[in-house]
Amino acid sequence: NAGVTQTPKFQVLKTGQSMTLQCAQDMNHNSMYWYRQDPGMGLRLIYYSASEGTTDKGEVPNGYNVSRLNKREFSLRLESAAPSQTSVYFCASSEEGSPLHFGNGTRLTVT
Amino acid sequence: KNQVEQSPQSLIILEGKNCTLQCNYTVSPFSNLRWYKQDTGRGPVSLTIMTFSENTKSNGRYTATLDADTKQSSLHITASQLSDSASYICVVNRGAGSYQLTFGKGTKLSVIP
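Chains A and B supply the protein sequences, listed in that same order.
Residue numbers for the first sequence follow my numbering, beginning at 319 and rising by one.
Residue numbers for the second sequence follow my numbering, beginning at 9 and rising by one.
Have a look at this one:
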């Protein structure tokens, strides 16, 4: 039982490059989330998907897009990376009333 | 503005000692409050949940308290172990869904031998 799996673990991009962060969960959870974690700040919600087929913006959605591919998978895309997007990105899943189950993060550096 | 403030920012204690971490919040409405533990290089893991009617809840050596009137919570760690070294994050939920969370910045705890 792997829980929430994120790939890649590390990535370095040049400004303007694009990439997709992948996330998959094996707990049959309906809801999935993408957060970013920056030094000196709390986790901030980028996008979430309350159920398969739906996505909604969170607190900091600008510069990102998401796709809920199926119930298991929720990807985050950076179309044109900027240095301000250097961060650690966490995917999470949950059911109503349950805690968030996080992956171990993708550490992204944009130069 | 919905905010969650944690103190101290960082803390160093000797193995075997106890410690208490604080969380003050101004989030409204209030649904529940969770404490998460985040080991270095890993994602956060839930330790405990406090709802409006609960004052104290224990999970092994971790005891969380909640005072909904003063909007304060604490996490007490008893007989600390080296494996307790981590960041502890207080998270307040404004509603039923987990998309209405406000995260604190965390307290970084270091337990030294």
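Idealized CB from N, CA, C, for every residue including glycine.
Note that the structure is a prediction, hence the values are computed from the model and not measured.
If you look at residue 12 of chain B, you'll find it in the beta strand (DSSP E) that goes 12 to 15.
DSSP places residue 36 of chain B in the coil class of the three-state scheme, outside both helix and strand. For residue 345 of chain A, not one C-beta of chain B is nearer than 8 Å to its own C-beta.
At a cut-off of 8 Å between beta carbons, residue 33 of chain B makes no contact with chain A. By the neighbour-count criterion, in which a residue is buried when 16 or more other Cβ atoms sit within 10 angstroms of its Cβ, residue 22 of chain B is exposed. With respect to chain B, the C-beta atom of residue 371 of chain A has no partner C-beta closer than 8 Å. Bounds of the beta strand (DSSP E) holding residue 84 of chain B are 80 to 85.
Linking residue 321 of chain A to residue 352 of chain A through their CA atoms gives a straight-line distance of about 15 Å. CA-to-CA, the gap between residue 66 of chain B and residue 59 of chain B works out to about 13 Å. Here DSSP, grouped into helix, strand and coil, assigns residue 367 of chain A to strand. In the three-state DSSP reduction, residue 91 of chain B falls in the helix class (H, G or I). Secondary structure note for residue 354 of chain A: its beta strand (DSSP E) is the uninterrupted segment 349 to 355. Between the alpha carbons of residue 14 of chain B and residue 43 of chain B lies a gap of roughly 11 Å. Under the DSSP assignment, residue 328 of chain A falls in the beta strand (DSSP E) whose first and last residues are 328 to 331. Residues of chain A with a Cβ closer than 7 Å to the Cβ of residue 113 of chain B are, in chain order, 358, 359 and 360.
For residue 22 of chain B, the enclosing beta strand (DSSP E) starts and ends at 18 to 22. Counting only residues of its own chain and dropping the five nearest sequence neighbours on each side, residue 63 of chain B has a CB closer than 8 Å to the CB of 73, 74 and 75. Residues of chain B whose Cβ lies closer than 7 Å to the Cβ of residue 420 of chain A are, in chain order, 51 and 52.
Chain-order list of chain B residues neighbouring residue 387 of chain A: empty, with the shortest C-beta distance near 19 Å, by a criterion of under 9 Å.
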